[in-house]
Amino acid sequence: MSDLNKLGLAEARDALRSGDVTSVELTDACLKAIDEADALNAFVHKTPELAMERAKAADERIQHGDAPSMCGLPIGIKDLFCTKGVPSQAASKILEGFKPEYESTVSQQLADAGAVMLGKLNMDEFAMGSSNETSTYGNAVSPWRRGNDDAQLTPGGSSGGSASAVAADLCLAATGTDTGGSIRQPAAFVGITGIKPTYGRCSRWGIVAFASSLDQAGPMTKNVRDAAIMLETMCGHDPKDSTSAELSVPNFEAMLTGDIKGKKIGIPKEYRMDGMPAEIEKLWADGAAMLKAAGAEIVDISLPHTKYALPAYYVIAPAEASSNLARYDGVRYGRRAQLAQGDGITEMYEKTRAEGFGPEVQRRVMVGTYVLSAGFYDAYYNRARRVRTLIKKDFEDVFAAGIDAILTPATPSAAFGLGEMTEADPVQMYLNDVFTVTVNLAGLPGISVPAGLDAQGLPLGLQLIGRPWEEGDLLNTAYALENAAGFVAKPGKWW
Amino acid sequence: MSIDQSTAAKVAKLARIKVEDDALPALASEFNTILGFIEQLNEVDVDGVEPMVSVTPMRLKRRKDEVTDGNQQDKVLANAPDAREGFFAVPKVVE
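Keeping their order, the protein sequence lines are chains W and P. Just so you know, we're using the working numbering here: the first sequence kicks off at -3 and counts up by one. Just so you know, we're using the working numbering here: the second sequence kicks off at 475 and counts up by one.
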C-alpha cells in the first residue's frame, strides 16, 4: 500500500485487522509526512520515538486479536490536552517548559485503546481565537490555497493545527476542543469533519480550561464514519470531571445507516444573516435539498434569541477564562518573568502575566475581570447567563415540537488569509463563530460536514445540530448529508 | 457605559497584568468596542428568567470526604519555576 498517511481511521483499521498493513508502517508514513510539512506549522511538538513505541505495542495487540477500533491508528493531539512527559503549552508562552506529570482522560482513553500519538498540534493561545494567529508557536497554515495564489490562508481556530494536519494527511485524525466553534469552524475551513459532542460527554479532566461551562473535546477526522469511531473512544463518564455525564456510550459507528426517512430537519430563519455571501446561502439550500431527497422533512423554524448568542458568549467565556487563567501566576508551573531588584510578589504576578499572555488572552482576561467586578456582575454576567437560559430554551422548544436536527452553515465565509483580519477590531473576528456559538451555550452536539467549494476553490461546510446526548442520530444525519454531498476535494501539495 | 483610562488601569490591576501607561488608551478603546457589542444584551427581556448555572440538568455528585490521592510532592513541584526544599519559592511576601 502507498500513501498510508492518506487513509482514514476506518480504512486503516480494516487494513490493520486484515494484516495488509502494520501500525509501524502507518506511523512511519505519517512521521515522514509530518517532517515534510514544517511549512504548515501544524505539529509543534513531535514525538516520533513515543509514536514508534506505541505503534509496536499496537501491532502486538492486533496480532493477539486484542484490538479496539482505534488500535494502531496514528493521530495528533491538540496542545490543549495535557500529555504526560510531553510539552503541553496551550500554545502559550506562559506554559513554556511545562511537561505534565499526568495525562488527560481523553488522551488516556485514546492511548488505552491503542491509538498512536504522533505529537502535539498548534492552536490559538488558550483556544482563544478563530484563525490560529494568537499562538506562541506562530500561525498554523492551511494546506488550501486560492487557486494559484500563494497567499497563506488560515486553517481556522482555535483547533487550527488539528485541521491543517488532518486536511494535509499528516495524521489519520486529530483531537480538537470546542468552546465557541473551535472544532467546527476549522473543520469547515479545511474540508474535514468535526464534531463537538453534548456538554458532559467527554471528560474535561487534564484539558487546559478556557471556559469550563462551554469547553468540550471532540474528534476532527476525514469523514463521518471516522468521527463516529473516534468519538466513541473519547467519550465516557469520568469521576475526575464532576460535569461528566454518567451515561453509557453507544456504538456510534453501528448507528450509521444513512437512513433518515421521516426525520424532521429544522432550518432556522435567524441564521439567514444580512450580507451573507450568496455561495453560503446556496450551499445551505443545497444541503436542505439533499436531506429532503434522502427522505427527511424540511421544516422552517425560529430560534428567536440567536442574535444575542455572540454577545452573551463574549461575557460568559471571558468571565470564566479570567477565573480559570488566574492559576497562571508564575509559582506552580510554566514561566516566571525575570524580576527586578526589590520586586515583590505582586510585581511577579503582573510581569509574569504581561509577558506570558498574548494580547488576545490579556484582552479576554481583562474583559472577564471587568464583567465580574463589583457593580457590573449583575448588569453583565448575570444578564448574559439569563440570556443563555433563553437561548437554550429556543432549542428546547423546537426539539419539543419534533425537530430531530437543525441545519445551518458552519461559517459565514470560506477561510480568509492569514493577516487579513489584523486591522479589524476584535469583534469582527468574533463574528466567525456566529453559527457555532449557540450550540456551546445550549450544551448541544454539533457537527460540521464539508459540503462544497466556493468560487475560489476553498471548502465550505454545513453544520448539523442535534438533540442532547443523541450524537449517534446526529452522526447518522451527517452521514446521509456526506453521502449526498459527495465532497472529495483535497488541497494540492505545495508544502 | 464608557471605560476611561483609569478604569482600564484598575481592571488591569485586578487581573494582575502589567499594562504600561502608554498602552492604556488603546486598551480602553478596545474594551469600549467589546462592551459596545455586549450592550445588545440590554434589548432582551430577562424578567423572571433564571441565570443559567448548569447547561445540563445535573446534581453534582458527592463522595466520602476522605483522602484519595497524595504523597507526590516531587511531581507537584516538578514544573515549578522555583522550588526549594520541598516548597514553592516566591519573592518576599511579608516584610
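Just so it is clear, CB atoms sit at the ideal spot from N, CA and C, and this is done for glycine as well.
DSSP three-state assignment for ARG490(P), whether helix, strand or coil: coil
Interface residues of chain W facing GLU540(P) [CB-CB closer than 9 Å]: Residues of chain W passing the Cβ test: none, with the nearest at roughly 14 Å.
Extent of the continuous alpha helix (DSSP H) run through GLY510(P): 498 to 512
The stretch 269 to 283 of chain W contacting the stretch 408 to 422 of chain W, beta-carbon criterion three pairs below 8 Å: yes
Integer-rounded CB distance, given that GLY196(W) should sit under 8 Å from THR530(P): 5 Å
Pair within 8 Å by beta-carbon distance, MET113(W) and LYS74(W): no
Residue from SER126(W), ARG384(W), MET344(W) and MET48(W) with nearest C-alpha to GLY413(W): SER126(W)
Contacts of GLU504(P) in chain B (Cβ-Cβ under 8 Å): Structure shown: chain B not included; protein chains present are W and P.
Neighbourhood of ASP234(W) by C-beta distance below 6 Å, restricted to the same chain and skipping five residues each side: THR101, SER199, TRP201 and SER240
Cutoff 8 Å: ARG558(P) Cβ touching any chain W Cβ: no
Whole-angstrom distance between GLY462(W) and GLN181(W), CA atom to CA atom: 17 Å
Cβ-based burial, GLU559(P) [other Cβ within 10 Å; buried from 16]: exposed
Between the CA atoms of GLN479(P) and LEU498(P) - distance to the nearest angstrom: 6 Å
Per-residue contacts from ASN545(P) into chain W (C-beta, under 9 Å): Simply none; closest approach about 13 Å.
4-residue-minimum alpha helix (DSSP H) runs that sit fully inside the stretch 199 to 247 of chain W, ordered along the chain: 220 to 230
Whether ASN436(W) touches ASP237(W) by CB criterion (8 Å): no
8 Å Cβ shell around ALA502(P) - same chain, five flanking residues per side excluded: ILE477, ASP478, GLN479, THR481 and ALA482
Reference ASN378(W), options LEU488(P), GLU504(P) and LEU515(P), closest by Cα: LEU515(P)
The stretch 248 to 259 of chain W touching the stretch 549 to 566 of chain P, judged by at least three CB pairs closer than 8 Å: no
Rounded straight-line distance, which links the Cα of PRO193(W) to that of GLU356(W): 26 Å
The stretch 464 to 474 of chain W in contact with the stretch 391 to 404 of chain W per 3-pair CB rule at 8 Å: yes
Straight-line gap, ALA136(W) to GLU129(W) (C-alpha atoms, nearest Å): 7 Å
ALA317(W) vs ARG360(W) beta-carbon contact at 8 Å: yes
Of the listed residues ASP16(W), LEU91(W) and ASN1(W), nearest to GLY330(W) (C-alpha basis): LEU91(W)
Alpha carbon of LEU368(W) to alpha carbon of PHE122(W), nearest angstrom: 20 Å
Collapsed DSSP secondary structure at VAL433(W) in the structure displayed: helix
Interface flag, PHE353(W) vs chain P, CB-CB below 8 Å: yes
The beta strand (DSSP E) enclosing THR173(W), as first and last residue numbers: 169 to 174
Supposed close pair VAL162(W), ALA86(W) - CB separation, criterion 8 Å: Their Cβ separation, rounded to whole angstroms, is 20 Å, which puts VAL162(W) and ALA86(W) out of contact at 8 Å.
MET269(W) at chain P interface by Cβ criterion, 8 Å: no
Chain-order list of residues whose beta-carbon lies under 8 Å from that of LYS388(W) (same chain, five-residue window excluded): LEU437, ALA438 and GLY439
Residue-level contact to chain P via CB, PHE94(W), 8 Å cutoff: yes
Nearest-angstrom Cβ-Cβ length linking VAL220(W) and LYS116(W), presumed shorter than 8 Å: Contact doesn't hold; Cβ gap of about 26 Å is too wide.
Proximal residues of chain P, C-beta to C-beta of ILE341(W) below 9 Å: VAL564, PRO565, LYS566 and VAL567
Proximity test, Cβ basis, 8 Å: ARG332(W) and chain P: yes
Distance, SER103(W) Cα to ARG50(W) Cα: 13 Å
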